[in-house]
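**Q** Top to bottom, those sequences are chains A and B. Using our numbering, the first residue of the first sequence is number 1, and each one after it goes up by one. Using our numbering, the first residue of the second sequence is number 120, and each one after it goes up by one. Quick reminder that beta carbons are idealized off the backbone N, C-alpha and C, glycines included.
Protein chains: 2
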Amino acid sequence: MAYEKKIPVDLDCPLRLTMSLIESKWKSCILDELRSSKAMRSSEIHKSLPEATPRVLDIQLKEMVEDGLVTQTIFPELPPRSEYQITELGKSLLPIIDAMLKWGEDHFEIFKQKYDRKE
Amino acid sequence: MAYEKKIPVDLDCPLRLTMSLIESKWKSCILDELRSSKAMRSSEIHKSLPEATPRVLDIQLKEMVEDGLVTQTIFPELPPRSEYQITELGKSLLPIIDAMLKWGEDHFEIFKQKYDRKE
DNA sequence: TCGTATACGGAAAATTTTTTCGGTATTCTG
DNA sequence: CAGAATACCGAAAAAATTTTCCGTATACGA
Chain A
1 MAYEKKIPVD LDCPLRLTMS LIESKWKSCI LDELRSSKAM RSSEIHKSLP EATPRVLDIQ
61 LKEMVEDGLV TQTIFPELPP RSEYQITELG KSLLPIIDAM LKWGEDHFEI FKQKYDRKE
Chain B
120 MAYEKKIPVD LDCPLRLTMS LIESKWKSCI LDELRSSKAM RSSEIHKSLP EATPRVLDIQ
180 LKEMVEDGLV TQTIFPELPP RSEYQITELG KSLLPIIDAM LKWGEDHFEI FKQKYDRKE
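1. Looking at Ser24(A): is its Cβ nearer than 7 Å to the Cβ of Gln60(A)?
2. Cutting at 7 Å between CB atoms, please list the residues of its own chain near Gly187(B), excluding the five before and the five after it.
3. Mind checking whether Ile215(B) and Met100(A) have CB atoms under 7 Å apart?
4. With contact counted as at least three CB pairs below 8 Å, one residue from each stretch, are the segment 31 to 42 of chain A and the segment 103 to 116 of chain A in contact?
5. Leu220(B) CB to nearest chain A CB: under 7 Å?
6. Quick one: residues in its chain with C-beta nearer than 6 Å to the C-beta of Glu238(B), no 5 flanking neighbours on either side, listed in chain order?
7. In the segment 146 to 162 of chain B, which residues sit with their C-beta less than 7 Å from some C-beta in chain A, listed in chain order?
8. Go to Ile193(B), then tell me how far its beta strand (DSSP E) extends in each direction, as first and last residue.
9. Could you tell me the alpha carbon to alpha carbon distance between Glu33(A) and Val70(A), rounded to whole angstroms?
10. Taking the beta carbon of Leu150(B) as the centre, do at least 16 other beta carbons fall within 10 Å, making it buried, or is it exposed?
11. What are the residues that DSSP puts in a beta bridge with Ser201(B)?
12. Run down chain A in chain order and give the residues with a C-beta less than 7 Å from the C-beta of Gly223(B).
13. Which value, in whole angstroms, describes the spacing of the CA atoms of Gly104(A) and Leu134(B)?
14. Check whether the Cβ of Leu11(A) lies closer than 7 Å to any Cβ atom in chain B.
15. Using a Cβ-Cβ cut-off of less than 8 Å, give me the residues of the segment 68 to 98 of chain A that come near chain B, in sequence order.
16. At what residues does the alpha helix (DSSP H) containing Ala99(A) begin and finish?
17. Quick check: Val9(A) and Tyr234(B), are their CB atoms within less than 7 Å of each other?
18. Which chain B residues are close to Glu23(A), counting only those with a beta carbon under 8 Å from its beta carbon?
19. So, for Ile126(B): in the same chain, excluding its five sequence neighbours on each side, which residues have a beta-carbon less than 6 Å away from its beta-carbon?
20. So, Leu57(A) versus Cys29(A), is the Cβ gap smaller than 7 Å?
21. Starting from the beta carbon of Pro169(B), find every residue of chain A whose beta carbon is closer than 9 Å, and list them in chain order.
22. Taking Lys231(B) as the query, report the chain A residues whose CB atoms sit under 7 Å from its CB, ordered along the chain.
23. Work out the CA separation of Lys221(B) and Pro54(A) for me, nearest whole Å.
The following block contains the structure:
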């Protein structure tokens with residue numbers, strides 16, 4: 001495997017289980033990108049999340065495939081092509097992603113005022 | 120400050136903002152513990168989350184105070200006593216915590232079968 | 001006086017995640 | 001033939017988080 005996650009999915013507590021599936025830096029954003037069920041190539045995902053390095057998207061997509069949140073379809077073409085698509089299990093997390101998105105929008109100003117350093 | 124978080128609250132995207140407030144290992148659990156609005160001493164929180172070291176609870180509680188999710192009240196007594204309590208802002212995250220808790224309960228079996236290693 | 005109890009924090013080690021860099025493979029185009 | 005295009009991965013470096021260990025302060029009770 002490309003990169004072995006050190007901390008496995010947490011089976012000790014339901015809350016930690018859910019968190020452990022999405023807490024890596026970009027996983028929640030990846031689910032948000034894939035929400036429409038449209039299959040996307042990793043390069044498209046990268047265009048939407050330009051701050052993430054392609055390598056880390058690769059690593060996190062692989063983990064999400066392993067966890068069953070996303071599928072990967074590899075087309076035996078040259079140059080190679082593969083597409084990622086959200087699964088039903090992944091979709092079932094979208095209400096949580098939506099709630100976090102909305103919370104972030106609703107409370108953005110508080111944190112902007114608190115933490116945005118003017119330079 | 121006790122320990123300086125290296126990655127500050129993320130102001131670039133509402134979803135990342137919300138995630139950045141709760142993605143540390145125990146913050147979601149701490150919010151869950153404090154949900155009833157009862158003030159708790161750090162030793163009580165530790166008793167409820169025995170897998171977390173007292174030090175990391177200390178660090179994460181301090182960050183949550185800084186972020187406005189929790190308040191700390193210090194009683195000028197000896198031996199010292201202080202209590203943590205969830206704020207209104209912290210409470211506004213509880214529906215998200217609840218949704219994650221429920222998702223984890225609903226999908227626990229999938230991951231238990233997938234990842235639970237029998238020894 | 002000495003040990004206990006309590007909350008906390010400094011510092012370094014250990015662990016984990018993310019970044020950086022560079023390489024593989026293959027077909028088509030110029 | 002050289003280079004582009006694409007997805008991917010190994011390895012090491014860098015960065016971030018968590019753990020471990022130990023010390024502070026102080027009043028009380030034995």
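**A** Taking the coordinates as given:
1. Here residue 24(A) is taken as the residue at index 24 of the first sequence, counted from 1. Here residue 60(A) is taken as the residue at index 60 of the first sequence, counted from 1. In this structure, the beta-carbon distance from Ser24(A) to Gln60(A) falls below 7 Å.
2. Position 68 of the second sequence, counted from the first residue, corresponds to residue 187(B). Correct list, in chain order: Thr206, Leu208.
3. Here residue 215(B) refers to the residue found at position 96 of the second sequence. Here residue 100(A) refers to the residue found at position 100 of the first sequence. In terms of Cβ geometry, Ile215(B) and Met100(A) form a close pair [threshold 7 Å].
4. As far as the Cβ criterion goes, the segment 31 to 42 of chain A does not touch the segment 103 to 116 of chain A, which means the pair count is below three.
5. For this step, residue 220(B) is matched to residue 101 along the second sequence. Residue-level contact by beta carbon holds for Leu220(B) and chain A, with a gap shorter than 7 Å.
6. Working through the second sequence from its first residue, we reach residue 238(B) at position 119. The predicted position of Glu238(B) is uncertain, since its pLDDT is 39 and thus under 50; a value taken from the coordinates is nonetheless stated next. Excluding positions up to five away in sequence, the list is empty.
7. Within the segment 146 to 162 of chain B, the residues whose Cβ lies closer than 7 Å to any Cβ of chain A are, in chain order, Ser147, Cys148, Asp151.
8. The sequence position of residue 193(B) within the second sequence is 74, counting from 1. Residue range 189 to 194 is occupied by the beta strand (DSSP E) that includes Ile193(B).
9. Residue numbering aside, residue 33(A) sits at position 33 when the first sequence is read from its first letter. Residue numbering aside, residue 70(A) sits at position 70 when the first sequence is read from its first letter. Take the alpha-carbon of Glu33(A) and the one of Val70(A): they are about 12 Å apart.
10. The sequence position of residue 150(B) within the second sequence is 31, counting from 1. The residue is buried, with at least 16 neighbouring Cβ atoms inside 10 Å.
11. Against the second sequence, residue 201(B) aligns to sequence position 82. Beta-bridge analysis with DSSP links Ser201(B) to Ile193(B).
12. Looking up residue 223(B) in the second sequence gives position 104. Near Gly223(B) (Cβ distances below 7 Å), the residues of chain A are Pro14, Leu15, Leu17, Thr18.
13. Numbered from its first residue, the first sequence carries residue 104(A) at position 104. Numbered from its first residue, the second sequence carries residue 134(B) at position 15. Gly104(A) and Leu134(B) have their C-alpha atoms some 6 Å from each other.
14. Numbered from 1 along the first sequence, position 11 holds the residue referred to as residue 11(A). Closer than 7 Å: yes.
15. Of all residues in the segment 68 to 98 of chain A, Gly68, Leu89, Ser92, Leu93, Pro95, Ile96, Ile97 have a Cβ within less than 8 Å of some Cβ in chain B.
16. Walking along the first sequence from the start, residue 99(A) turns up at place 99. Where Ala99(A) is concerned, the enclosing alpha helix (DSSP H) stretches over 94 to 106.
17. Counting from 1 along the first sequence, the entry for residue 9(A) is found at position 9. Counting from 1 along the second sequence, the entry for residue 234(B) is found at position 115. Yes.
18. As a first step, residue 23(A) must be located in the first sequence, where it is residue number 23. For Glu23(A), the residues of chain B that pass the 8 Å Cβ criterion are Met138, Glu142, in the order they occur in the chain.
19. The count along the second sequence starts at 1 and reaches residue 126(B) at position 7. Excluding sequence neighbours, Ile126(B) sits near nothing in its chain.
20. Within the first sequence, the letter at position 57 stands for residue 57(A). Within the first sequence, the letter at position 29 stands for residue 29(A). The answer is no: Cβ separation not under 7 Å.
21. Against the second sequence, residue 169(B) aligns to sequence position 50. By Cβ distance, chain A contributes nothing, its closest Cβ being about 11 Å from Pro169(B), past 9 Å.
22. Counted from its first residue, the second sequence places residue 231(B) at position 112. What Lys231(B) touches in chain A: Leu11.
23. Position 54 of the first sequence holds residue 54(A). Position 102 of the second sequence holds residue 221(B). Across the structure, Pro54(A) and Lys221(B) are spaced so that their CA atoms are roughly 32 Å apart.
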